[in-house]
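So the sequence shown is numbered by our numbering: it starts at 928 and just counts up by one. Following: one structure in structure tokens, then a few remarks.
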Amino acid sequence: MTSEQIRINVEKALEEIRPFLQSDGGNISLLSIEDDKLVKVQLEGACTNCSVNQMTLKSGVEMTIKKYVPQIEQVINVVA
């Protein structure tokens, strides 16, 4: 998978996740993909202060991204 294909598939994964986050007053943005293995995102809105945002990140966001792009090793939230 090329870097461009990885980016496209990560965006598809985020589009799948976004409605769930938005229903709780949050959102997510893709910041970067490093070495085709590390995805940096930013949780936004209600997600920034949510007590379970790390669980959402790992069990929701990371799992969905890995479904689309199995070679992704880690997804991290960059706090503004």
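Beta carbons are placed, not taken as given, at the ideal position from N, Cα and C, and that holds for glycine. Bear in mind the structure is a predicted one, so any value in this text is a computation, not a measurement.
Judged by beta-carbon spacing, residue 999 lies within the 8 Å limit of residue 966, meaning their Cβ atoms are closer than that value.
Between residue 945 and residue 955, the C-beta gap is smaller than 8 Å, which places the two residues in contact. Cβ atoms of residue 973 and residue 953 come within 8 Å of each other, at about 4 Å.
Bridge partners of residue 968 according to DSSP: 957 and 1004.
Taking residue 990 as reference, the option from 977, 929 and 1002 with the minimal CA-CA separation is 1002.
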